[in-house]
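Peer 1: Chains as they are written, first to last, in my numbering: chain A, 18 to 303; chain B, 3 to 271. Just so it is clear, CB atoms sit at the ideal spot from N, CA and C, and this is done for glycine as well. Pasting a structure below so you can have a look.
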Amino acid sequence: MKKIILIILFTSSYGAGFAQTPPFRVRLYHETEPVYFTLEQTSADIEGYDGDEIIVEAVPSPPESIPAAAAGLKQIAVPGNTKEDLNIRPRMQDDNAAMRISIPPGNYRHLLIKVPRTALVFVHILNNYVDGNIKATNVNSIQIEGIVQFVDVSNVTNFVIEVGENWRGMRGNGKVTVSNIRWTDAPVIVNDASKHRTCIIQTNNSDVVLSVADDSKTNIVFSSMYSQTYTNLNTDAINSPESDVREFKRILGGTPLRLQTLKLGGGGVNTIIGSTYGNVFIKKQE
Amino acid sequence: MSFICSLVFGQSGQTTVRYPVKGKQVSLQIDEATVAIEGYTGDDLIIEPDVHYPAFNPEVPGFKLLTSGVTGGDNFVHPGDISNEPDLFYVRLRSVYNAGLNYRHWHILVPKNTHLKVAFVISQTGAKMSFKNLSNELEIAGTAPVMEFSNITGPLTLSEGVRNHQIGGTEKIIISHLQMPRKAIGKDDTPFLNIITSYGDVDISLPQSIIATIQADVLNGKLYSDLNLVQQRPAYPLVKGRYTGNLNGGGKMVAINAAYGNVYLRKQQ
C-alpha cells in the first residue's frame with residue numbers, strides 16, 4: 018500500500034517573539050511531486066535554484082518612495098497604522114502525491130520562494146493590491162491562477178496562467194508577460210506519470226505579452242473577445258483549423274471569436290491564449 | 003405600480019433616448035461600459051453614446067493587427083429593464099455583447115438636482131466613470147479603475163466594490179470642486195462625503211474655507227495632506243488606523259475608509 022504521510026504544520030508560534038521568522042524550508046518526496054502554493058494579499062518571486070529544498074521567506078518591501086500624487090503634501094501620522102514585519106505563518110500538508118503550502122496574509126507585502134529547478138509549481142493567488150505582482154523564473158512548470166495585477170513568467174518549459182476572475186472580486190487589469198520559454202512538446206511528468214502539455218494564458222482584463230521567436234516550436238492559438246491581437250513576427254496567422262478550435266473550446270470553453278493560429282517553427286506544443294478585454298501582443302523574443 | 007415600459011419610455015434602436023424624470027429619483031445600472039454623467043438644467047434623462055470615445059483597433063507602432071474581437075456596434079442605445087414609478091425611475095444599460103461594443107462609453111445628462119443612484123461594474127484597463135455638476139444626493143456603488151467627481155454638492159455615498167460585497171478593482175477615486183451647500187454646514191455625524199474602498203487611493207480636493215471634520219481610516223495605507231488639519235482625540239470605540247482631524251473648527255463629517263489605499267487631502271486649487 019502506498020505510504021501516505023500527512024504533515025500538518027501549524028506555525029502559529031513560528032513567528033512569535035521574532036521580528037522576522039526564519040525561512041520556511043521543506044523537501045519534496047520526489048522530483049515530480051507537484052507543489053501547490055496558496056498566497057493571499059502578497060506579491061511573490063518564485064525562483065528555481067540548484068538546491069533541493071523549497072524555501073519561503075518574507076522580504077522587505079522596496080524602500081518607500083513618496084507617491085507622485087503626494088507631491089507638495091506632507092504625510093500625517095495615523096494612530097495604529099500597520100507596520101511591516103516579515104513574519105510568515107505557513108501551513109503545510111504533504112501526502113506524498115502533492116505538497117500544499119498555504120501562506121496566510123500578514124504584515125508583509127512580498128515573498129521570496131525558492132524551489133528546485135525541476136519543480137512543478139502551482140500557485141493560487143489572491144492579491145488585490147494595485148501593484149500586486151507575481152514573478153516566476155527558472156522552474157520546470159508553473160501554473161498561476163487567481164487575482165493579481167502583474168504576472169511575469171520566464172525561462173520555464175510549461176506555463177498555465179489564468180488571472181482576472183470575477184467571482185472573488187476584481188483586479189487583474191494589468192499585464193501578463195511571458196518570455197524566454199524553453200519550448201518542448203514532451204509530456205509533463207507529474208508523480209512519474211505523463212501528462213499532456215498545453216501552455217495556456219487566459220485573462221479577463223489584463224493585456225498579454227508573449228515573446229517568441231519565429232522558429233519557436235509552438236502553435237499559438239488565440240482569440241480576443243473585445244480587444245485586439247498584434248504581432249511583430251514575420252509569420253502570418255491563419256484561421257484556426259477545426260482541431261485547434263476544438264482544443265481551444267476544450268480548455269477555455271465558450272465560443273471563440275475569430276480564432277487564429279500562428280504556427281511557428283513547423284509547429285509543436287499548443288499555446289492557447291484567450292483574453293476577454295485585454296490586448297494580446299505576440300512579439301519577437303529579444 | 004411599477005411596470006416595464008420600454009415601448010413607452012424608449013427602446014433599443016435609437017442613438018439617443020430621453021426619459022422625463024422631473025422630480026424623481028433616478029437609478030442607473032451600467033455594466034462593462036464607462037459613463038460620463040453630467041447635471042444640466044433640463045427635466046429629462048438623456049442617454050447617448052459618446053462618439054468621441056477612442057476608436058477600436060488602435061495602431062501599435064511596429065506591430066500588425068492579427069485579429070480583432072467583437073466590434074461592429076450599431077450606434078444605438080440599448081436600454082434593458084426600465085421601471086417608472088411615481089418617485090423613482092430606473093434603467094439598466096445593457097452590454098450588447100452580440101451587437102458589439104462599439105459604444106462602450108455613454109454620455110448621460112440628468113436634471114442637476116436629481117437624487118441619483120448609480121451602480122456599475124467595469125474593469126477594463128483605464129476605464130473611468132465621471133460625475134459632474136450634480137447638486138443633490140449621490141449614491142454610488144460599483145467598481146471602475148478610476149472614478150472622478152467634480153462640481154458636486156453631495157452628500158455623496160460611495161461604496162466601492164463588486165456586487166455581493168466582493169472586492170473591487172478601483173485604483174483611484176478623485177473628488178474635486180465640491181460645492182457644499184450652506185445647509186450642510188454645521189456639526190453633524192451624518193457624513194457629507196462617505197467613501198469606502200478596499201484597495202483604491204482616494205484623492206480629495208477641499209476648499210480651504212470648508213468647515214468639516216475628517217475621519218480617515220487608512221490602516222494599511224498612508225495619509226497625505228496640505229490642509230490645516232487639527233488632529234482630534236479619537237472617539238470611542240477606538241479604531242486602529244483611524245485619523246480624525248478638524249478643518250476650521252470641525253463640522254460636517256467627511257468619512258473615508260480606504261483600508262489598503264492611500265488618502266490624499268489637498269487644498270482646492
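Determine the DSSP secondary structure at A:Leu-269, reduced to helix, strand or coil.
Peer 2: Helix, per DSSP.
Peer 1: So which residues on chain A does B:Asn-264 lean against when the C-beta distance must stay under 9 Å?
Peer 2: By Cβ distance, chain A contributes Pro-84, Ala-86, Ala-87.
Peer 1: Are the Cβ atoms of A:Thr-55 and A:Ile-120 separated by less than 9 Å?
Peer 2: Going by C-beta atoms, A:Thr-55 is nearer than 9 Å to A:Ile-120.
Peer 1: Going by DSSP, name the residue or residues bridged to B:Lys-66.
Peer 2: Paired residues: A:Thr-248.
Peer 1: Considering just the uninterrupted stretch of the beta strand (DSSP E) at B:Trp-108, what are its terminal residues?
Peer 2: Looking at the DSSP string, the run of the beta strand (DSSP E) that includes B:Trp-108 is 107-113.
Peer 1: Could you tell me which whole beta strand (DSSP E) segments of length 3 or greater appear in the segment 118-197 of chain A?
Peer 2: Here the runs fully enclosed are 127-133, 137-143, 150-154, 158-164, 167-171, 175-180, 192-196.
Peer 1: Would you please verify whether the beta carbon of A:Ala-75 is less than 9 Å from any beta carbon of chain B?
Peer 2: Not one chain B Cβ lies under 9 Å of A:Ala-75.
Peer 1: Alpha carbon to alpha carbon, what distance is there between A:Thr-220 and B:Arg-96?
Peer 2: Taking the straight line from one Cα to the other gives about 23 Å.
Peer 1: If you measure beta-carbon to beta-carbon, which residues of the segment 89-102 of chain A are closer than 9 Å to chain E?
Peer 2: Here chain E cannot be found, since the structure's protein chains are A and B.
Peer 1: Between the segment 249-267 of chain A and chain B, which residues of the former have a C-beta closer than 8 Å to a C-beta of the latter?
Peer 2: The segment 249-267 of chain A vs chain B, Cβ under 8 Å: Asn-249, Ala-254.
Peer 1: Can you tell me the Cα-Cα spacing of B:Asn-153 and B:Gly-71, whole angstroms?
Peer 2: Looking at the two C-alpha atoms, the distance is approximately 37 Å.
Peer 1: Whose Cβ in chain B lies nearer than 7 Å to the Cβ of A:Ser-244?
Peer 2: Near A:Ser-244 (Cβ distances below 7 Å), the residues of chain B are Gly-71.
Peer 1: Using the three-state DSSP reduction, which class does A:Arg-275 fall into: helix, strand or coil?
Peer 2: Of the three classes helix, strand and coil, the one that applies to A:Arg-275 here is coil, per DSSP.
Peer 1: Shorter than 9 Å from the beta carbon of B:Leu-67 to some beta carbon of chain A?
Peer 2: Judged by the 9 Å Cβ criterion, B:Leu-67 is in contact with chain A.
Peer 1: Taking the alpha-carbon positions, what's the A:Leu-128 to B:Ala-38 distance?
Peer 2: Cα to Cα, the separation comes out at about 40 Å.
Peer 1: In or out: A:Ala-203 buried (at least 16 other Cβ within 10 Å) or exposed?
Peer 2: Answer is exposed; the Cβ neighbour count stays below 16.
Peer 1: So, is the C-beta of A:Val-300 closer than 9 Å to a C-beta in chain B?
Peer 2: Checking the sequence shown, residue 300 of chain A turns out to be Lys, not Val. It does: the Cβ of A:Lys-300 has a partner Cβ on chain B nearer than 9 Å.
Peer 1: What is the residue span of the beta strand (DSSP E) that B:Ala-260 lies within?
Peer 2: B:Ala-260 -> beta strand (DSSP E) spans 254-260.
Peer 1: Which class does A:Arg-263 belong to by DSSP, given the choice of helix, strand or coil?
Peer 2: In this structure, A:Arg-263 counts as helix in the three-state DSSP scheme.
Peer 1: Name the residues in the segment 213-230 of chain B whose C-beta lies less than 7 Å from a C-beta of chain A; which are they?
Peer 2: The residues in question are Val-220, Leu-221, Asn-222, Lys-224, Leu-225, Tyr-226, Ser-227, Asp-228.
Peer 1: Report the neighbours of B:Arg-96 on chain A: residues whose CB is nearer than 9 Å to its CB, in chain order.
Peer 2: By Cβ distance, chain A contributes nothing, its closest Cβ being about 15 Å from B:Arg-96, past 9 Å.
Peer 1: Excluding the 5 residues flanking A:Gly-186 on each side, which residues of the same chain have their C-beta closer than 7 Å to its C-beta?
Peer 2: In this prediction, A:Gly-186 has a pLDDT of 48, which is less than 50 and means its spatial position is unreliable; nothing more can be read from the coordinates.
Peer 1: Go to B:Glu-87, then tell me how far its beta strand (DSSP E) extends in each direction, as first and last residue.
Peer 2: Here B:Glu-87 belongs to no beta strand (DSSP E), and DSSP marks it neither H nor E.
Peer 1: Distance cutoff 9 Å, beta carbons only. Does B:Thr-127 sit that close to anything in chain A?
Peer 2: At least one chain A Cβ lies under 9 Å of B:Thr-127.
Peer 1: Compare the C-beta of A:Gly-191 with all C-beta atoms of chain B and state if any pair is closer than 9 Å.
Peer 2: Taking Cβ atoms only, chain B reaches closer than 9 Å to A:Gly-191, which makes this a yes.
Peer 1: Does DSSP put B:Ala-143 in a helix, a strand or coil?
Peer 2: Residue state, collapsed to three classes: strand.
Peer 1: Report the neighbours of A:Asn-222 on chain B: residues whose CB is nearer than 7 Å to its CB, in chain order.
Peer 2: Going along chain B in sequence order, the residues near A:Asn-222 (Cβ under 7 Å) are Ser-125, Gln-126, Thr-127.
Peer 1: Please list the terminal residues of the continuous beta strand (DSSP E) segment that includes B:Val-220.
Peer 2: No beta strand (DSSP E) contains B:Val-220, which DSSP labels as neither H nor E.
Peer 1: For a contact defined as C-beta to C-beta under 7 Å, what are the partners of B:Arg-268 on chain A?
Peer 2: Neighbours of B:Arg-268 on chain A, chain order: Leu-90.
Peer 1: Under 9 Å between C-beta atoms, does A:Gln-277 make it to chain B?
Peer 2: Yes - at least one Cβ of chain B is within 9 Å of the one on A:Gln-277.
Peer 1: Roughly how many angstroms lie between the CA atoms of A:Val-193 and A:Ile-142, to the nearest whole one?
Peer 2: Spanning the two alpha carbons is a distance of roughly 14 Å.
Peer 1: Is the segment 237-249 of chain B close to the segment 80-99 of chain A, with three or more CB pairs under 8 Å?
Peer 2: Touching, yes.
Peer 1: Starting from A:Ser-241, find everything on chain B with Cβ-Cβ shorter than 8 Å and list it in chain order.
Peer 2: Under the 8 Å cutoff, chain B gives Thr-69, Ser-70, Gly-71.
Peer 1: Among A:Phe-167, A:Ser-158, A:Gln-160, which residue has its Cα nearest to the Cα of A:Ile-311?
Peer 2: Since the displayed chain A opens at 18 and closes at 303, residue 311 of chain A lies outside it and no answer follows.
Peer 1: Does chain A have any CB closer than 9 Å to the CB of B:Arg-20?
Peer 2: Taking Cβ atoms only, chain A never reaches closer than 9 Å to B:Arg-20, which makes this a no.
Peer 1: Between A:Asn-150 and chain B, is the shortest Cβ-Cβ distance under 9 Å, so that the two count as touching?
Peer 2: Taking Cβ atoms only, chain B never reaches closer than 9 Å to A:Asn-150, which makes this a no.
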